[in-house]
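For reference, the structure discussed in these notes is given below.
4 protein chains.
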Amino acid sequence: MAKIDVAILGATGAVGQRFIALLQDHPWFRVAEVAASVRSAGKTYGEACNWVLDGHPPPEVAALTIKPLDQPIAAPLVFSALPGQAAHEIEPRLAASGRVVCSNASTYRMAHDVPLLLPEVNADHIRLIDQQRNNRDWKSGALVTNSNCTSMPATMALAPLRQFEPTHVHMVSMQAISGAGYPGVAALDIVDNVIPYISGEEEKLIVEPAKMLGTLTEDASSIRALPLSASASCNRVPVLDAHLVSVAVRLAARPTMDQIQMAWETFQAPPNVRNLPSTPAKPVIYTSLPDRPQPRRDRYVGKGMSTVVGRLRPCAAIDGVQFVALAHNTIRGAAGGSILNAELLLQEGYLDGVQRADVG
Amino acid sequence: MAKIDVAILGATGAVGQRFIALLQDHPWFRVAEVAASVRSAGKTYGEACNWVLDGHPPPEVAALTIKPLDQPIAAPLVFSALPGQAAHEIEPRLAASGRVVCSNASTYRMAHDVPLLLPEVNADHIRLIDQQRNNRDWKSGALVTNSNCTSMPATMALAPLRQFEPTHVHMVSMQAISGAGYPGVAALDIVDNVIPYISGEEEKLIVEPAKMLGTLTEDASSIRALPLSASASCNRVPVLDAHLVSVAVRLAARPTMDQIQMAWETFQAPPNVRNLPSTPAKPVIYTSLPDRPQPRRDRYVGKGMSTVVGRLRPCAAIDGVQFVALAHNTIRGAAGGSILNAELLLQEGYLDGVQRADVG
Amino acid sequence: MAKIDVAILGATGAVGQRFIALLQDHPWFRVAEVAASVRSAGKTYGEACNWVLDGHPPPEVAALTIKPLDQPIAAPLVFSALPGQAAHEIEPRLAASGRVVCSNASTYRMAHDVPLLLPEVNADHIRLIDQQRNNRDWKSGALVTNSNCTSMPATMALAPLRQFEPTHVHMVSMQAISGAGYPGVAALDIVDNVIPYISGEEEKLIVEPAKMLGTLTEDASSIRALPLSASASCNRVPVLDAHLVSVAVRLAARPTMDQIQMAWETFQAPPNVRNLPSTPAKPVIYTSLPDRPQPRRDRYVGKGMSTVVGRLRPCAAIDGVQFVALAHNTIRGAAGGSILNAELLLQEGYLDGVQRADVG
Amino acid sequence: MAKIDVAILGATGAVGQRFIALLQDHPWFRVAEVAASVRSAGKTYGEACNWVLDGHPPPEVAALTIKPLDQPIAAPLVFSALPGQAAHEIEPRLAASGRVVCSNASTYRMAHDVPLLLPEVNADHIRLIDQQRNNRDWKSGALVTNSNCTSMPATMALAPLRQFEPTHVHMVSMQAISGAGYPGVAALDIVDNVIPYISGEEEKLIVEPAKMLGTLTEDASSIRALPLSASASCNRVPVLDAHLVSVAVRLAARPTMDQIQMAWETFQAPPNVRNLPSTPAKPVIYTSLPDRPQPRRDRYVGKGMSTVVGRLRPCAAIDGVQFVALAHNTIRGAAGGSILNAELLLQEGYLDGVQRADVG
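Right under this line is the structure:
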């Protein structure tokens, strides 16, 4: 079967590169267009891109000519790795033109009719698209977002605990350098150092998990956020990839440690998500090793799509429990998460005129 | 005036080396004896020591012959950088023999008649020595401890807030490599990585601040710990020196941010501590820069003896405030803290027969 | 077909672990025995091993009980990751008992009847085994070595240039932390630092390439080393894996830059090596990018089995040319190189009673 | 005595900051003006500067308003930390206006009438200024340069060996991140990596040492470069400060190792240089420790103004000797070197109307 053409916006950046790396040999999608700022437009991808991952860009993508961001996109599916400001105008314009946009930008994550999708956790939020199309008078286009790369592991670890009624959550993150893009963090700032601040990050951690863990209203018109007193403290550490989050949470139902561990171990994606190409065998993996998860040693678990959780123990200060959670920030926390969202959209029939049957 | 002879136990280790570096040119003390395990005993310090700090050991110390740990110490004042197990037998034995032992070991920190001293915070706890001498039938000897290197900045930052009645405190640390001694952490474990666990550390963070922030009973016989629901999560990060602690605390008195900031800015050591040689001009320095304190850039503030605090803001999860605190772990958090304790002991007359007047 | 059982000596160390990781899913070999020092013997591999690579040891190896090193080995093929001293007695003993030993230890590399094998370069040196068996009265056993992990990329890069008559070579290495094993280099020694010395390393770089590039005498009784005035300067740098070597070489035939580049690009393994499971598609890859090869970005080229060469340019000081070469030190420079040697031995009939046909 | 006012050009950059840090408490000089690009001009230094060194900028400099680079400078002495292109027009203009410019830029280093000054090595080259003023019709102004930060330690280590007639020198550098300025090297490029290329660096290493080691012609009209077949290979390593250079050199006079070591140990600055404020007690320090010099542990030797040399041994490939040399790249190799040059200029009467007597 033919693969579906996709376009990457912001293709030369760190997340754009990760999209391209992950889409190499993807069973359903094929990178057909790359777009970036005027500085790069007109050059081939190979010329314009300072490839920061291992090895080199795939030759077939390296040969593509980069489009400027203000031009139309032909591909029915668009992955956006745009900075927030650029996303503001471009993403709705493309959705209005009939494209399904899966965005990693933060711009529209909290918009009332935009799903903030984490398929294992809230696949049903996808139905918000019907409301979105209605509101915005979009026919076949749509806009779906994935969360911030630190909200992501915290939310995935909390999802199996929803049954225990989380009410207060405090998150302290140790985030990788690649989360800041390229060139991003200067080596002079981070070697032998920690930077206890990441602009705009803590605000996202306070609101995004509550939306992702929320419930779709019965009329599928909006998300009712989980009531959660959340706070966050974000730190940049000298690690290349993967964000580690130390989570303290109060659970009104007061489960035992065993019940919590069991909840993680038995957690599964809903049936319609389970067999998508990028869904990991286990969304959450609990490790009982005393000194894990570690960013370098656990970031590629489940091909970088699983969340590894460990060190569960009581937390007197929050009157609950604490644990650490880890996910690969540019795979599951960004490009890989967005690709999984697109797989779900395709399967559920949200890519108008492009059916799962065509590709599977 | 002649300086007082001091002995360093565990002199070849990472903290032992820091004692030696800090005592170079100390106005009151002079390193006269060095003791270490049998592996090193009999060699000169220069031969036996793999100096891990910058440059080289001071020539006058490099020429000293290392004593075995089971021999008597001649110096009236002893700094112990021993591992916990070795400290168990050796420290009380030396105190019993009339030596004043200032220990960095954790072994006796929580003993009821042993001060856990942080002079700017609890200089009066020193009076517990009278009880200690009585209990143990020690004449001129004494045993005083300084806290764990992570308890230290957390406690120093909390001390000015005692007036606001702290009740719950959650600490997430990002700790430097040097805290594990030498060889300590293998490079293969920590380069491009975080280790979310440090054996025995969290237990110390839960109990030590409460003792240090506690009050001496009226009869000076024991410490009444501050009632504090404390929890901790300790992480090793790829930083050479200085521990950063992200602190969330509930304050029953509900002060404003301004009141807290003011409490830090006006915090002073008690008068009898203020002019000791190692007391920093400001024990706590509040920075309003958004991305500070940082380990590499702030660890030498106050010659490594100050605690730098920043990022004060509300914390919804704990229903209080959060901030970050930083101190140099092998200076203020270990050797430097112990030296300051010894200065206080000397000044307050606890070095029998050696008066402040002799050295000042 | 059944796979051949292999034993790993020194299985818990950094190179031992790499053997186990690389042999997972190997088409011909299967890890059946693991042996290590008395400290580990008797435990299961999973219990005894502090796994320093990503993820976790393969479950089927984790379940094996570790043998002590003084016991017989049942497997016909033995991979040795022993330290030099242990190898001294153990390796010949096992060869005498009929085992084919592929060793990463330096102990016997320069012995006159022991091949120092780099299959793409000197596959014919394997014939020295006949002499070896004769000399030592070994029947089916044999001892074959692979080179030091820094000699390896230098030699691979020089091999295609043998036609241009190299006479003088100066090598300055920047070597990864993993080359020192585990725990190996202390983080306190290498973070924000370079150590311009690696014990015993420069001596190996001076003699090993000349042997590997040498020719088997007509009677196959010894190796005539290439006459080469070699010198080396070895440095440890804060890199996890892959050794970079800056090479300056005088070539008596004075080829042009194009001729040298062409020699690399057309270099191939001999036909009997080309299709072994671990032989890379291209043993040497020349990159014309100005700032490559880089350890982190090029270490997995050819699954870590290729050598990447770049930055070819004249060198006035040596009156020749200079370039940089890079290989993965624990894959091609150690375990992977040893496995490729074993594949060649098997194919060429040196595993008595175990024919290639049985496994291929 | 009043201090002399100095201006810093390019004051907000990494080298500009180092100038400001080193001039704090300088006995002769006082930072009175700071100039930078239009982006910063008009702001106070404290506002405009992202201080990358430890701590914070000195308050008296933080309060200065940054001038644009196209305006006149009032101070008689100017330190330039400008990028090469900006230096091209600005430096001669300021010299023509009567300012003595001590430049760290590479632009005019190789100009025939511009001294490339390393006072311990070639203090007499300063007399080239008379020719320069004549050529360019400058009255009291002058332009003096210091070398590239990697040429510097190589040249300082070679200077005591001039008597042994060096003819061929090969240099392989391992250079610190701070050499690239700020933001400079992206953390994503250098963590767990080496970059075997630094644009324009090798060219400088080939020509600068020969000029610095050269002799002033009898009529003081030009420098006769030392005839030297030089080649270089430059690498960026994950080190914050200090450049390490592995040097191989052929010495026609064939001295013994002892003679070379003696030459380093007895090397002194000329008498008129020996007592300048920034001259280190020993310009070259030879260490016999097997694993030194190391960047992190030796960069502050002589307050960062000494060059540490070690690991002297024969080098078969170059038919000579090899050793490693280390200097702090932003102190001795940049700002500190330039300040020492200015001290020499002042003492030797090249700051017209400002005599040494006024300040000493």
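Here the protein sequences line up with chains A, B, C and D, keeping their order. So the first sequence is numbered by the working numbering: it starts at 1 and just counts up by one. So the second sequence is numbered by the working numbering: it starts at 1001 and just counts up by one. So the third sequence is numbered by the working numbering: it starts at 2001 and just counts up by one. So the fourth sequence is numbered by the working numbering: it starts at 3001 and just counts up by one. No residue lacks a Cβ here, since even glycine has one placed at the ideal position from N, Cα and C.
Taking the DSSP output, what are the residues bridged to Y286(A)?
V309(A)
How do the segment 267 to 277 of chain A and the segment 293 to 306 of chain A stand: do at least 3 beta-carbon pairs fall below 8 Å, yes or no?
no
Tell me, please, which residues DSSP counts as bridged to N3235(D).
M3174(D)
So, helix, strand or coil for H3328(D), using DSSP?
Looking at H3328(D) - three-state DSSP - the assignment turns out to be coil, as it is neither helix nor strand.
Count the CB pairs spanning the segment 3235 to 3247 of chain D and the segment 3160 to 3179 of chain D that are closer than 8 Å, and state whether there are at least three.
yes
Would P3153(D) and A3325(D) be called neighbours here (beta carbons separated by less than 8 Å)?
Yes, Cβ-Cβ distance for P3153(D) and A3325(D) is below 8 Å.
Could you check the C-alpha separation between V2194(C) and V2249(C) for me, to the nearest Å?
25 Å
By alpha-carbon positions, which one of S3278(D), V3237(D), H3168(D) and A3123(D) ends up nearest to A3335(D)?
When each option's Cα is compared against that of A3335(D), the closest is S3278(D).
Do A3151(D) and P3227(D) have their CB atoms nearer than 8 Å?
At residue 3151(D) the sequence reads Ser, which differs from the Ala that was named. By the CB criterion at 8 Å, S3151(D) and P3227(D) fall outside the cutoff.
For V3015(D), which residues in the same chain have their Cβ closer than 8 Å to its Cβ, ignoring the five residues on either side in sequence?
A3081, N3104, G3181, T3330, A3334 and A3335
Counting contacts by CB-CB distance shorter than 8 Å, is L3345(D) in contact with chain C?
No, L3345(D) lies away from the interface with chain C (no Cβ there is under 8 Å from its Cβ).
Using beta carbons (cut-off 8 Å, strictly below), is M1212(B) in contact with chain A?
no
Mind reading off the beta-carbon distance from I2260(C) to V2321(C)? Whole number of angstroms is fine, and I expect it under 8 Å.
6 Å
Taking DSSP as the reference, what is the three-state secondary structure of R39(A)?
coil
I want to see whether chain A comes within less than 8 Å of R2297(C), judged by CB atoms only; does it?
yes
Quick check: does the Cβ of Y350(A) come within less than 7 Å of any heavy atom belonging to the ligand ATP?
In terms of ligand content, the structure shown is empty, and the ligand ATP therefore cannot be addressed.
What residue range is occupied by the uninterrupted alpha helix (DSSP H) comprising H2243(C)?
Run containing H2243(C): none in the alpha helix (DSSP H); it sits in the beta strand (DSSP E), H2243 to L2251.
Applying a beta-carbon distance threshold of less than 7 Å, which residues of chain D neighbour Y2197(C)?
P3290, D3291 and R3311
For E1120(B), which of Y1286(B), G1310(B) and N1272(B) has the nearest alpha-carbon?
N1272(B)
Check for me: the alpha helix (DSSP H) holding V3015(D) runs from which residue to which?
A3014 to L3023
What does the alpha-carbon distance come out to for the pair V3144(D) and H3328(D)?
20 Å
Beta carbon of A3232(D), beta carbon of I3190(D): below 8 Å?
A3232(D) places its beta carbon 8 Å or farther from that of I3190(D).
Is M3257(D) buried or exposed, if buried means 16 or more other CB atoms sit within 10 Å of its CB?
exposed
Do L3188(D) and S229(A) have their C-beta atoms within less than 8 Å of each other?
no
What do you get for R332(A), buried or exposed, if any count of 16 or more other CB atoms within 10 angstroms of its CB means buried?
In summary, R332(A) is buried, with 16 or more beta-carbon neighbours lying within 10 Å of its beta-carbon over all protein chains present.
Looking at the structure shown, is D1005(B) part of a helix, part of a strand, or coil, going by DSSP?
Here DSSP, grouped into helix, strand and coil, assigns D1005(B) to strand.
Whether or not the segment 1301 to 1317 of chain B and the segment 1281 to 1288 of chain B are in contact is what I'm after, with contact meaning three or more pairs of Cβ atoms, one per stretch, closer than 8 Å; do they touch?
yes
Taking 8 Å as the cut-off, decide whether the C-beta atoms of A220(A) and L117(A) are in contact.
no
Along the chain, where does the alpha helix (DSSP H) containing T1150(B) start, and where does it finish?
Segment: none, T1150(B) is in no alpha helix (DSSP H) and carries neither H nor E.
Applying a beta-carbon distance threshold of less than 8 Å, which residues of chain D neighbour N2193(C)?
V3239, Q3294, P3295, R3296 and R3297
Does the Cβ of E3343(D) have 16 or more other Cβ atoms within 10 Å, making it buried, or fewer, making it exposed?
buried
Hey, how far is the Cα of L3276(D) from the Cα of L3022(D)?
14 Å
For a contact defined as C-beta to C-beta under 8 Å, what are the partners of M3174(D) on chain C?
M2174, V2194, N2235 and V2237
Is the Cβ-Cβ distance between L2213(C) and G2141(C) less than 8 Å?
By the CB criterion at 8 Å, L2213(C) and G2141(C) fall outside the cutoff.
Along the segment 1047 to 1078 of chain B, what residues have a CB closer than 9 Å to any CB found in chain D?
Going along the segment 1047 to 1078 of chain B in chain order, one finds W1051, V1052, L1053, D1054, G1055 and H1056 with a Cβ nearer than 9 Å to chain D.
Taking the straight line between their C-alpha atoms, what separation do you get for C3102(D) and K3003(D)?
Approximately 17 Å between the Cα atoms of the pair.
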